[in-house]
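Visitor: Sequential numbering of the sequence shown, starting at 1, is according to UniProt numbering. This structure is in structure tokens; I'll ask about it shortly.
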Amino acid sequence: MEEFIGPLRFDEHKAFLRVVHSRGGDALYLGPLLPRAIKRYLKHWLPLVASEGDGARLIPPLDVAWVWHLHRLAPRRYAVYCNERFGRVLEPAAAAFKAQSAADEADGETRRLWEKHYADEPFFQRGEGESSPAEWGPRDPLSNQTTLCAEIKTACAAARSEHGFDYDSEPD
């Protein structure tokens, strides 16, 4: 019987957001790393999860974990997207939001799989990101915004406004 992986516990969620804020911060919220993170998530991460099957103990790099987290904040839209693209909803393993950073040694297996499938794409995003255009779903005829990109950017803006406090001043 498969173990149901539900939402993160509050303390896990808080720890994940702390890591995103300290290691990615503004560059991931709406800055230069976000467009490339979205592209990596859609082009590489979701297909990898789909090919390895749900429940695989895959731990994404931080930028990808952040976008996956944001995408899943709209569960119906996430489900529709996954069903249309992969024929099922892709559920993360329990460890998925213990996101890796370049300093971590966690889950070398995920990195090996990534390198096997995507040898030309580094596991960790480097530099200031790329602003190369990418298609992230059909374009809205009025705004010319891609639908998935708009959803993720809206979630990023909301998350950024919520993170205007000092995590360390909060009681654990």
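Ideal placement from N, C-alpha and C gives every residue a C-beta, glycine not left out.
1) So, under 8 Å CB-CB, Ala79 and Val89 are touching, yes? Tell me the CB distance rounded to an integer number of Å.
2) With DSSP collapsed to three states, give me the class of Asp120.
3) The alpha helix (DSSP H) that contains Tyr81, what's its start and end?
4) Taking the beta carbon of Gly53 as the centre, do at least 16 other beta carbons fall within 10 Å, making it buried, or is it exposed?
5) Under 8 Å between the Cβ atoms of Phe16 and Phe124?
6) When burial is assigned at 16 or more other CB atoms within 10 Å of the CB, is His71 buried or exposed?
7) Under 8 Å by Cβ, that's how I've got Tyr41 and Val67 pegged, so tell me the actual separation to the nearest angstrom.
8) Reducing DSSP to helix, strand and coil, say where Leu90 ends up.
9) Which same chain residues, not among the five before or five after Glu115, have their C-beta less than 8 Å away from its C-beta?
10) Quick check on Gly108: does DSSP put it in helix, strand or coil?
11) Identify which residue in Pro92, Val19, Arg9 and Glu12 has its Cα closest to the Cα of Arg57.
12) Please list, in chain order, all residues of the same chain as Cys82 whose beta carbon is under 8 Å from its beta carbon, the five residues on each side excluded.
13) According to DSSP, simplified to helix, strand and coil, what is Gly53?
14) What would DSSP say about Arg9, mapped onto helix, strand or coil?
Guide: Inspection of the coordinates gives the following:
1) Taking the sequence shown and counting its residues from 1, one reaches residue 79 at position 79. Taking the sequence shown and counting its residues from 1, one reaches residue 89 at position 89. Contact holds; Cβ gap of about 5 Å.
2) Position 120 of the sequence shown, counting from 1, holds the residue named residue 120. Here Asp120 sits in coil by DSSP.
3) Your numbering for residue 81 matches position 81 in the sequence shown. Tyr81 -> alpha helix (DSSP H) spans Pro75 to Phe86.
4) Locating residue 53 in the sequence shown gives position 53, counting from the first residue. Result: exposed.
5) Locating residue 16 in the sequence shown gives position 16, where the first residue counts as 1. Locating residue 124 in the sequence shown gives position 124, where the first residue counts as 1. Not a contact, by the Cβ cut-off of 8 Å.
6) The residue given as residue 71 occupies position 71 in the sequence shown. Buried is the call here.
7) Counting from 1 along the sequence shown, the entry for residue 41 is found at position 41. Counting from 1 along the sequence shown, the entry for residue 67 is found at position 67. Their Cβ separation, rounded to whole angstroms, is 4 Å, which keeps Tyr41 and Val67 in contact under 8 Å.
8) Indexing the sequence shown from 1 puts residue 90 at position 90. The answer is coil: DSSP assigns Leu90 none of H, G, I, E or B.
9) Residue numbering aside, residue 115 sits at position 115 when the sequence shown is read from its first letter. So the list reads Phe123, once near-sequence residues are dropped.
10) As a first step, residue 108 must be located in the sequence shown, where it is residue number 108. Helix.
11) On the sequence shown, residue 57 is found 57 positions in, with the first residue counted as 1. Taking only the C-alpha atoms, the option nearest Arg57 is Pro92.
12) Position 82 of the sequence shown, counted from the first residue, corresponds to residue 82. Same-chain partners within the cutoff: Leu46, Arg88, Val89 and Leu90.
13) Along the sequence shown, read from residue 1 onward, the residue named residue 53 stands at position 53. The answer is coil: DSSP assigns Gly53 none of H, G, I, E or B.
14) Position 9 of the sequence shown, counted from the first residue, corresponds to residue 9. Coil at Arg9, not helix or strand.
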